[in-house]
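In order, the protein sequences belong to chains A and B. If you use our numbering, the first sequence corresponds to residues 1386 to 2050, in order. If you use our numbering, the second sequence corresponds to residues 379 to 583, in order. All C-beta atoms in this analysis are idealised placements derived from N, C-alpha and C, irrespective of residue type, glycine included. Treat the numbers as computed from the prediction; the structure is a model and nothing was measured. Below is one structure, written out as structure tokens; the observations come after it.
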Amino acid sequence: MFGKLTTGDIVQDPLTLIVVIGMIGGAIAVVAGLTYFKKWGYLWREWLTSVDHKKIGIMYIVFSLVMLLRGFADGIMMRTQQAMAIGESQGFMDAHHFDQIFSAHGTIMIIFVAMPFLFGLMNLVIPQQIGARDVAFPLLNNISLWLTTAGGALMMISLALGEFSNTGWTGLAPLFGLEYNPYVGVDYWMWSFQLAGIGSTLGGVNFIVTILKMRAPGMKLMKMPIFTWTSFTANVLVVLTFPVITIALLMLTMDRYLGMHFFTNDLGGNMMQWNNLFWMWGHPEVYIVVLPSFGVFSEVVAAFSKKRIFGYTSLVYATGVIMFLSALVWLHHFYTMANNPSVNVFFSITTMAIAIPTGVKIFNWLFTMYKGKISFATPMYWTMGFLVLFVLGGMTGVLLSIPPADFMVHNSAFLVAHFHNTLIPGALFGYLAGFSYWFPKAMGFRLNEKWGKLSFWGWAVGFVLAFMPLYATGFMGMPRRLAHLNNPDWTPYMYIALVGACIIGLGIFAMLVQLFLSVKDRKKNMDVTGDSWGYGRTLEWHTSSPPADYNFAIIPTVKEIDDFNRMKEEGIAFKQPEKYFPIVMPKNRPHGAIIGVLTIVFGFAMVWHIWWLAIVSFVGIIGTVVAIGFDDDSEYVIPAEEVKRIEDERFAKIREAMAQKTNNE
Amino acid sequence: MNTTDINKIEELEALRVERQHHAEINTFGLWIYLMSDLIMFSILFATFVVLGKNVAGGATPQELFHLPFIFTETMFLLLSSVTFGLSMVAMNNQNKKAVLIGLIATGLFGLGFLVMELYEFYELAASGNTPDKSGFLTAFFTLVGTHGAHVFFGLIWLISMIIQVAKKGFSDKVRSRLVRLSIFWHFLDVVWVGVFTFVYLMSMI
């Protein structure tokens, strides 16, 4: 009836138990709150079934921030363990538990923080930047969100029932095979990864079509905002490489469920094939998470320097070159896997070559700031922190790209320091810059600047303290993923790293305070014009904050790069059009939510071998997809009068605000 | 005509253009999706190349494959593409009956293909050549099985389109869905040609 699942599978470890009880308590509080305030209907109608790209974007980001807390908790536990477990002391957890924690940390940070955060920002911004009313496939967008959260839900369930994988976020053949890992840990990792990955592939298809087919008239490719460009290249990589991991995980599924021999070390399996397939996805994935973030920096640096981005064309070409090269470097993750030297050399050269277009970008951003009138707002803090710290991470990357050097520090703490040095300043700082930059656009009020800047300092200082020591211990020969250290020389470095992690914790705390204070004082910080910072250059600032369902009452005709800036210079940015037309909009539909819930059930049933439930939920998913195919009632029309009413209201407010401003002056 | 009428006509025209744009976008989206599907198959093909020789002391492809059987199976799938093509011609001539006959024929050929494939799998398993016996059989069953699963889901889609054509006739949405199904169906054919060549023919050499 319940497959492998018995009461003995409920987690026993006291520390985890406390967390689980806390989570269940939190869930009960949320359910009770929703029931008490009678918000279930609102939540269902306005959010869970919403096909509005702005709401989907917000939900993605909320999910990502929640998962960031979980991933950070894992991170600080690892730092604590490594600071404690030296010599005689075994620390506060055993090796098996530690293995699960580093596996969960990596999986969460890449799949459930970085991916949803970037899809959240893309959802929020891209349709507005290209002058569209929604993405190409609004319902598919909702389904993507649900598949990602279904993976996340499965990940969280693994805390309470069973265990998580102990083979790292990258998997490890043949350790993750049935022979060495017969329990459910690897299955949880595999299914949560797989479901979220499918969601990402669908999201990638959606955004490629959106960007290529839904741009406002006049917006040629070379007039697109840089964030749209970098997101476009990232989505090309998504569609190019996520299918690879989908199939690699399917192969692992076959190995684990049907006893096949893809990655086993007997009967003709090939363990190295896993490394190839994983990194064929894994390396482009790094660029998938980092390219949109480069886009955010480009938008922010131009807006707050009050200049057009320096060398737009070179920046676009550099992005394209990075996209191209990133698919040709995967082998540098396993130089040590007994490849032919000339193979290693090929991948070494392509890897080094990526530094060139990335260097071009650094100069684009620097020269944009040069002689600009820079406003030091929170997004600009993140950007400048990125410029300084990321260059360091890039240089250690070039060092690692040289095979003989890589042989010395392969899978050492040096590597851990390197990829955190690229991903935290490179990707995360960018998302947080985008978060503070576009928050007023999404929510209609500005964030608290003081606590935002404090959060930046927490992250930046904490990051340096947490990861610079790892470069040093890496050189001293410390391998990654150690549950216990036997060299007392490393101890002081581990203490510094722990202090750094705690300071990052303060940065996260400052972010929560910032959100709390900003919501509390929102009446004082309302954004009336839609051009929240006053320096907006691209079309997303042309809509109201938060934008109307249809974003643009009249689709703008684009004349140049930074078209909204042109409108402001010509004095037509806030001029109300004389005539409105009816607008066709997609309807909210429940299919995505149904598929999402069924997917969680399906994943859970597969993990625990509850076959009947897996079959029922799978048939349910297929049935829902077929039902979408039959549904012709997918859109509604907003009449022209209604559009006019909404817009009249908006422009009345703008006029009032402008009159007030003139009075004050 | 007074101004209100002109306004109304303008509004209707705007709506029509927007809807037409949507049909175009849907087809383009399917193409992009197929690209991703093609990558999935390319990985399966590549893995078959890597593992295909690893028979681990078990049966070799030469001993297991019967080309005349596979050829017949292939013909079923190719014919199903022909009948689908004919029903698309019939759709452009607004001939509902011919479209339905064409689609049903497509479905039957597709089903025949699937039954033959399952029979081949059954034969292999009955003679002890299950996928857990060797790297070669693992890669073979997964590649061919993934294609078979695509045909199976294609059949579900086909049945749902037969019902839609019968019930709703040729509305804009039904037509656009039928166009997309036909692209998907031909895609399965192209992939099968790859399977036939690289898995069956090349293994016989």
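Each residue's CA atom was taken as its position, placing B:G480 and A:K1972 some 34 angstroms apart. Going by beta carbons, A:F1448 and A:M1507 fall outside the 7 angstroms limit.
Per DSSP, A:E2027 is not a residue of any beta strand (DSSP E); the alpha helix (DSSP H) it occupies stretches across 2025–2049. In the three-state reduction of the DSSP assignment, A:S1797 falls in the strand class. Two segments are said to touch when three or more pairs of C-beta atoms, one from each, lie closer than 8 angstroms; by this definition the stretch 511–523 of chain B does not touch the stretch 550–561 of chain B. From the beta-carbon of B:V433, the residues of chain A found nearer than 9 angstroms are G1653. Judged by DSSP in its simplified three-state form, B:E402 adopts helix. The beta carbon of A:I1632 sits closer than 7 angstroms to some beta carbon of chain B. At a cut-off of 7 angstroms between beta carbons, B:G513 contacts chain A. Per the coordinates, the alpha-carbon of A:Y1720 lies some 19 angstroms from the alpha-carbon of A:F1648.
Chain order gives the chain A residues near B:R397 as V1969, E2020, where near means a beta carbon separation below 9 angstroms. In the structure shown, A:I1395 falls within a strand segment according to DSSP collapsed to helix, strand and coil.
For A:P1971, the uninterrupted beta strand (DSSP E) run begins and ends at 1968–1971, by DSSP. Counting along the chain, B:A437 sits inside no alpha helix (DSSP H), nor does DSSP assign it H or E at all.
Where A:V1569 is concerned, there is no enclosing alpha helix (DSSP H), because DSSP gives it neither an H nor an E. Considering only B:H444, B:E388, B:F419, B:T461, the residue with the shortest C-alpha distance to B:V568 is B:F419. If you ignore the 5 residues before and after A:R1641, its C-beta comes within less than 6 angstroms of the C-beta of L1563, all in its own chain and listed in chain order. Taking the CA atoms as reference points, A:T1631 sits about 11 angstroms from A:L1625. For B:L536, the closest C-alpha among the options B:F423, B:M580, B:I410, B:G485 is that of B:G485. Taking C-beta separations shorter than 7 angstroms and ignoring five residues to either side along the sequence, the partners of A:D1916 in its chain run W1926, following chain order. Taking C-beta atoms under 8 angstroms as the contact rule, A:A1845 and A:L1774 qualify, at a distance of about 7 angstroms.
Rounded to whole angstroms, the gap between the alpha carbons of A:M1769 and A:L1751 is 9 angstroms. Only residues of its own chain outside the window of five on either side were considered, and among them K511, S512, G513, F514 have a CB closer than 8 angstroms to the CB of B:A434, listed in chain order. For B:T516, at least one C-beta of chain A is nearer than 7 angstroms to its own C-beta. Non-local C-beta neighbours of A:P1399 in its own chain, meaning closer than 8 angstroms and more than five positions away in sequence, are absent. Using a CB distance below 8 angstroms, the part of the stretch 2003–2018 of chain A facing chain B consists of I2007, V2011, G2014, F2015, D2017, ordered along the chain. Contact annotation, B:L393 with A:P1967: C-beta distance approximately 7 angstroms; criterion of less than 8 angstroms satisfied.
Not flagged as an interface residue toward chain A: B:V573, since no C-beta distance is shorter than 7 angstroms. Annotation for A:R1641: the continuous alpha helix (DSSP H) segment containing it runs 1611–1643. Residues of the stretch 1589–1611 of chain A with a C-beta atom less than 9 angstroms from some C-beta of chain B are G1589, V1590, N1591, I1593, V1594, T1595, L1597, K1598, M1599, listed in chain order. Setting aside the 5 residues that flank it on each side, B:N432 is surrounded in the same chain by S512, G513, F514, each with a C-beta closer than 8 angstroms to its C-beta; the list follows chain order. Residue pairing for A:P1864: DSSP places it in a beta bridge opposite A:S1797. Within the stretch 496–557 of chain B, the complete alpha helix (DSSP H) segments at least 4 residues long are 513–546, listed from N- to C-terminus.
A distance below 7 angstroms separates the beta carbons of A:F1689 and A:I1759.
Per DSSP, A:I1985 has no beta-bridge partner at all. For B:T524, same chain residues with a beta-carbon under 8 angstroms away, outside a window of 5 residues either side, are M418, F419, L422 in chain order.
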